[in-house]
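Report on the structure given below.
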Amino acid sequence: MRTGWKIAVVAAVAVLFWAGLAVQLSRPGDYRAYHRTVLQVAQGAHDAAQTAKLTAQLRAGHRTTAAFTGAAFDDAAKALAGVQKQFAGQAPPDERAAGLRDRLGPLLARETAALGDVMRATDDAALRSGARALDDLARQLDDFITAEG
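Position 113 of the sequence shown, counting from 1, maps to 113 under this note's numbering, and the rest follow consecutively.
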């Protein structure tokens, strides 16, 4: 009888441990973790915008090759896609975090469109226009990081 009691206690402890672990893993993160993620995403998006802006300016000034331009734009696009995946991968845990999401989300969407436009640009005027749009977005992202950091 004593062995049966020990087995029951060990089984109960194991069940409680696994249940606690499952609750911990399925619970949304706290505000601080979400805030940190949002700032990382904003910084990555800022860097991608700056890279694409500088590349567009160099290309418009005929100071780089088409191969370099394509590679640099591709790197910026991959970086932006990576931070967008990180951003989409974590739900805001509360209303305050949802406010961060609602402020950063539109900037990411506008950057995606601006980056796509500058990557498809076929003349210097379109490259310069795209560089200005990316510069404006980089400034807005910098303001977001400064305000929230």
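Built from N, CA and C at the ideal position, the CB exists for glycine as well.
Keep in mind it's a predicted model, so treat the numbers as computed, not measured.
In the DSSP assignment, the alpha helix (DSSP H) including THR55 goes from what residue to what residue? The residue you call residue 55 lines up with position 55 of the sequence shown. Start and end: 31 to 60.
Inter-stretch contact at 8 Å, needing at least 3 Cβ pairs: the stretch 120 to 130 / the stretch 35 to 44: no
Taking just the CA atoms, how far does GLY61 sit from PHE68? Mapped onto the sequence shown, residue 68 falls at position 68. Mapped onto the sequence shown, residue 61 falls at position 61. Going by the C-alpha atoms only, they are around 14 Å apart.
Secondary structure of ALA121, DSSP reduced to three states: By 1-based counting over the sequence shown, the position of residue 121 is 121. If DSSP states are grouped into helix, strand and coil, ALA121 belongs with coil.
Suppose you measure from the CA of VAL23 to the CA of GLY29; what does that come to, to the nearest Å? The residue you call residue 23 lines up with position 23 of the sequence shown. The residue you call residue 29 lines up with position 29 of the sequence shown. Low local confidence applies: a pLDDT of 46 at VAL23 is under 50, so the model's placement there is unreliable, and no value is given.
Classify PRO92 as helix, strand or coil using the three-state DSSP reduction. In the sequence shown, counting from the first residue as 1, residue 92 sits at position 92. DSSP places PRO92 in coil when its eight states are reduced to three.
State the Cα-Cα distance for the pair VAL118 and LEU127, rounded to the nearest angstrom. Here the question's residue 118 lines up with position 118 in the sequence shown. Here the question's residue 127 lines up with position 127 in the sequence shown. Approximately 6 Å, taken between the alpha carbons.
At a cut of 8 Å, does the stretch 125 to 145 reach the stretch 48 to 61 through at least three beta carbon pairs? Cβ pair count under 8 Å is three or more, so yes.
Presumed contact (8 Å Cβ cut-off) between TYR34 and PRO93, rounded CB distance: Counting from 1 along the sequence shown, the entry for residue 34 is found at position 34. Counting from 1 along the sequence shown, the entry for residue 93 is found at position 93. Between PRO93 and TYR34 the Cβ distance is about 6 Å, and since that is below 8 Å, they are a contact.
For ARG63, count neighbouring Cβ atoms within 10 angstroms of its own Cβ and tell me buried if that reaches 16, exposed if not. Numbered from its first residue, the sequence shown carries residue 63 at position 63. So ARG63 counts as exposed.
Does DSSP put GLY99 in a helix, in a strand, or in coil? Looking up residue 99 in the sequence shown gives position 99. Secondary structure of GLY99 (DSSP, three-state): helix.
Look at VAL38 and LEU80 and say whether their C-beta atoms are less than 7 Å apart. Within the sequence shown, numbered from 1, the residue matching residue 38 stands at position 38. Within the sequence shown, numbered from 1, the residue matching residue 80 stands at position 80. No, they are not a contact pair.
Output yes or no for whether 7 Å exceeds the beta carbon distance between ARG103 and TYR31. Here the question's residue 103 lines up with position 103 in the sequence shown. Here the question's residue 31 lines up with position 31 in the sequence shown. Against a cut-off of 7 Å, the Cβ pair of TYR31 and ARG103 comes out as no contact.
For GLN86, which residues of its own chain have a beta-carbon under 6 Å away from its beta-carbon, when the five flanking residues on both sides are left out? Working through the sequence shown from its first residue, we reach residue 86 at position 86. Excluding residues within five positions, the ones whose Cβ falls inside 6 Å are VAL41.
Neighbourhood of ARG110 by C-beta distance below 7 Å, restricted to the same chain and skipping five residues each side: Residue 110 sits at position 110 when you count from the first residue of the sequence shown. Around ARG110: LEU137.
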